[in-house]
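J.:
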Amino acid sequence: MAWRYIPRKRRAHQAPKGIQQHHILLTSPARLLSLSTAPKWPRPLIIPCVKTRRALLRPSASTPLRPPPLRRASLFLLRTSWSINTKYLADAGHKPILLEARDVLGGKIAAWKDKDGDWYETGLHIFFGAYPNIQNLFGELGIEDRLQWKEHSMIFAMLNKPGEFSRFDFPETLPAPLNGIWAILRNNEMLTWPEKVKFAIGLLPAMAGGQPYVEAQDGLTVSEWMKKQEKHGSKMAFLDGNPPERLCMPIVDHIRSRGGEVRLNSRIKKIELNPDGTVKHFALTDGTQITGDAYVFAAPVDIFKLLVPQEWSEIMYFKKLEKLVGVPVINVHIWFDRKLKNTYDHLLFSRSSLLSVYADMSVTCKEYYDPNRSMLELVFAPAEEWIGRSDADIIDATMEELAKLFPDEIAADQSKAKILKYHVVKTPRSVYKTVPNCEPCRPLQRSPIEGFYLAGDYTKQKYLASMEGAVLSGKLCAQSIVQDYNKLSLRSQKSLQSEVPIAS
Ligand SMILES: Cc1cc2nc3c(=O)[nH]c(=O)nc-3n(C[C@H](O)[C@H](O)[C@H](O)COP(=O)(O)OP(=O)(O)OC[C@H]3O[C@@H](n4cnc5c(N)ncnc54)[C@H](O)[C@@H]3O)c2cc1C
């Protein structure tokens with residue numbers, strides 16, 4: 001069944017609702033149809049990436065199948081693109097060094113444990129069925145069982161009926177994009193027939209991944225692309241626990257097992273150059289200098305723009321980054337004194353002006369499971385006006401929105417459910433904002449500076465800023481380095497020769 005409306009009365013008898021029900025999720029129709037389910041729902045098939053890892057890293061015919069490793073590849077990598085780039089370079093036999101500025105792994109998926117042992121995160125993160133590179137990564141690390149797939153649905157709060165939800169259910173029996181169209185057509189609560197027709201027409205380009213994505217498909221027609229779409233693309237999964245331990249540590253262990261290094265508290269302060277404009281070394285805030293045969297900068301674009309050397313600033317590749325600017329986002333966690341009933345084991349779209357999506361993590365995530373009290377994790381966005389406000393103000397505003405979503409259970413003055421504690425995590429510059437004409441400003445991973453590369457969700461790849469985009473960018477970056485092996489090793493030999501003292 002598609003898009004089913006769940007009357008509040010009926011839901012009230014189902015406790016805990018979330019566990020047996022399906023929910024909503026989504027940001028935009030485009031995301032919706034290009035996206036994908038876990039313990040009790042089957043996971044999507046692992047989809048081979050654009051290129052398999054082996055194909056991706058295979059050097060060109062002119063280089064040996066597995067070239068001798070570069071002395072070192074100084075990598076400034078991070079969370080997703082970071083460790084991915086490092087991982088695949090290590091897989092290719094190189095010796096990567098990953099430098100992370102903070103004392104925590106994960107970047108935008110970083111999380112911290114509070115004094116009670118509860119985790120709070122930078123962002124509520126959802127993994128979609130349409131994330132082939134991430135699924136392959138989980139498979140390669142042998143941790144695919146850590147993705148908790150949910151029922152193939154999207155659940156939206158209904159603005160005109162406080163406390164009620166409407167849903168899009170994607171039938172398992174239909175292939176994409178028909179399952180998405182079916183889900184839309186079967187929903188009568190949120191869309192009138194004229195709206196459905198307009199929505200379906202509007203979704204067609206979205207189904208094709210958006211114009212930038214189509215452009216990136218090099219030679220594929222839209223119909224060829226659509227044939228390749230995954231039936232489970234809009235299925236969603238939650239990680240089964242805190243990202244640093246459940247996802248980042250296995251990657252770090254993998255890198256170290258292949259001779260690579262991961263260093264925390266290693267913040268790059270400056271990119272020092274040689275007289276010819278190439279990178280001499282990365283200078284860290286603690287005074288250390290990191291030298292390598294290839295350099296990757298995988299920090300967020302806003303940070304990279306601050307560190308672009310003066311000598312490079314007029315090069316169009318770097319100059320056009322100005323257009324890419326991160327948006328502020330706030331992630332809110334509230335622990336309540338009771339188990340809320342009006343939740344589901346899924347991501348929920350609040351359709352509120354302040355909250356985009358939320359989930360009862362005491363239901364959706366194994367490590368955070370609690371049978372007696374709910375922990376709501378909410379993405380508070382748009383956050384421009386709120387990023388400078390106090391945590392208490394943000395919680396007050398969140399509670400007012402929650403009172404509309406849980407009219408029987410939550411009141412803004414806490415006369416119903418009481419807050420036991422909360423954590424507010426602000427990210428002043430999150431993923432880059434998609435504005436008209438920003439797509440051509442996304443840089444390729446290989447820069448015009450020999451031996452210098454970029455990685456990160458903002459760099460050129462077929463996805464918008466996302467975990468999948470970050471992983472793909474790391475793979476593309478590693479691929480570029482492997483392809484450049486001959487050039488890089490020649491540079492490395494020359495630099496070694498110039499360091500050899502002349503015998504007297
Ligand atoms: C609230 C929120 C919710 C999100 N939800 C989703 C979702 O549901 N699904 C999804 O796919 N994506 C989601 N995203 C986006 C996703 O998290 C990012 O696209 C992705 O994690 C970016 O990875 P990255 O490797 O490009 O950059 P980052 O994760 O930002 O990593 C950059 C790293 O560089 C380090 N660094 C910075 N400066 C320096 C320096 N000078 N020296 C050394 N290291 C440095 C940082 O500490 C950090 O570890 C969400 C993001 C947010 C903020």
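Position 353 of the sequence shown, counted from 1, bears residue number 353 in the UniProt record's numbering, the numbering being contiguous throughout. Ideal Cβ placement from N, Cα and C applies to all residues, glycine included.
#1: Considering only residues of the same chain and omitting the five flanking positions on each side of Ala412, which have a CB-CB separation below 6 Å?
#2: What did DSSP end up calling Phe452 once you bin it into helix, strand or coil?
#3: Have a look at His94 and Ile255 and give me their C-alpha separation to the nearest angstrom.
#4: On the premise that Glu468 lies in contact with Tyr131, defined as a C-beta separation below 8 Å, what is that separation, rounded to the nearest angstrom?
#5: Compute every distance between the C-beta of Ala397 and the non-hydrogen atoms of ligand 1, then say whether any falls below 7 Å.
#6: Should Ser466 be counted as a contact of ligand 1 given a C-beta to heavy atom distance under 7 Å?
#7: Provide the residue span of the beta strand (DSSP E) that contains Ser153, from first to last.
#8: Should Leu340 and Ala417 be called a contact, given that it needs their Cβ atoms to be closer than 8 Å?
#9: Leaving out five residues before and five after Ile126 in sequence, what residues of the same chain have Cβ atoms less than 6 Å from its Cβ?
#10: Could you pull out every residue in the same chain whose Cβ sits closer than 6 Å to the Cβ of Gly318, ignoring the five residues on either side in sequence?
#11: For the candidate residues Ser498, Leu490, Ser489 and Gln479, whose alpha-carbon lies nearest to that of Ala90?
#12: My parser needs the beta strand (DSSP E) runs of 3 or more residues fully inside the segment 268-315; what are they?
#13: Identify whether Glu468 lies in helix, strand or coil by the three-state DSSP scheme.
#14: Going by DSSP, name the residue or residues bridged to Glu121.
#15: Whole angstroms is fine: what's the gap from Gln493's alpha carbon to Gly142's?
#16: Cutting at 7 Å between CB atoms, please list the residues of its own chain near Pro428, excluding the five before and the five after it.
#17: How is Glu172 classed by DSSP in three states: helix, strand or coil?
#18: Compare the beta carbon distance of Phe380 and Leu355 with 8 Å and say whether it is the shorter of the two.
#19: Pop quiz: Ala298 and Ala455 are said to be a contact at Cβ under 8 Å. What is the actual Cβ separation, rounded to whole angstroms?
#20: Could you tell me the distance, in whole angstroms, from the CA atom of Val301 to the CA atom of Leu321?
#21: Closer than 7 Å: is that where the CB of Ile268 sits relative to any heavy atom of ligand 1?
#22: Count the other CB atoms, across all protein chains shown, that sit within 10 Å of the CB of Gln289; report buried if there are 16 or more and exposed otherwise.
#23: Between Ser430 and Lys108, which are expected to be in contact by the criterion C-beta below 8 Å, what is the C-beta distance as a whole number of angstroms?
#24: Does the pairing of the segment 266-282 with the segment 99-117 give three or more beta-carbon distances under 8 Å?
#25: With a threshold of 16 other CB atoms inside 10 Å of the CB of Lys150, please say whether the residue is buried or exposed.
#26: Ligand 1 and Val329: does the residue's C-beta get closer than 7 Å to at least one heavy atom of that ligand?
#27: Classify Ser356 as helix, strand or coil using the three-state DSSP reduction.
#28: Straight-line CA distance for Leu378 to Ala157?
#29: State the CB to CB distance for the pair Asp240 and Arg146, rounded to an integer number of angstroms; the pair is presumed to be in contact (CB under 8 Å).
#30: Suppose the cutoff is 8 Å on Cβ atoms and the five residues either side in sequence are ignored; what does the same chain contact list for Arg263 look like?
#31: CA-CA distance, Asn113 and Pro382?
#32: How far does the beta strand (DSSP E) with residue 585 in it extend, from its first residue to its last?
#33: So does Gly123 have its beta carbon nearer than 7 Å to some heavy atom of ligand 1?
#34: Run through the DSSP bridge pairs and tell me what Val262 is partnered with.
#35: Is there at least one non-hydrogen atom of ligand 1 closer than 7 Å to the beta-carbon of Val431?
#36: Could you tell me which residues DSSP puts in a beta bridge with Gln148?
T.: Reading from the atomic positions:
#1: Met399, Glu400 and Ala403
#2: strand
#3: 10 Å
#4: 4 Å
#5: no
#6: yes
#7: Ser153 to Ala157
#8: yes
#9: Met236 and Leu347
#10: Here the sequence assigns Phe to residue 318, which means Gly is not the residue at that position. Excluding positions up to five away in sequence, the list reads Val308 and Trp312.
#11: Gln479
#12: 268-273, 279-284 and 294-297
#13: helix
#14: Ala111
#15: 38 Å
#16: Pro328 and Ile387
#17: coil
#18: yes
#19: 4 Å
#20: 7 Å
#21: yes
#22: exposed
#23: 7 Å
#24: yes
#25: buried
#26: yes
#27: strand
#28: 14 Å
#29: 5 Å
#30: Ile97, Leu98, Leu99 and Glu100
#31: Reading off the sequence shown, one finds Lys at residue 113, where the question assumed Asn. If you take the alpha carbons of Lys113 and Pro382, they lie about 26 Å apart.
#32: Residue 585 falls outside the range modelled here, since the chain spans only 1 to 504, and no answer is possible.
#33: yes
#34: Leu98
#35: yes
#36: Phe238
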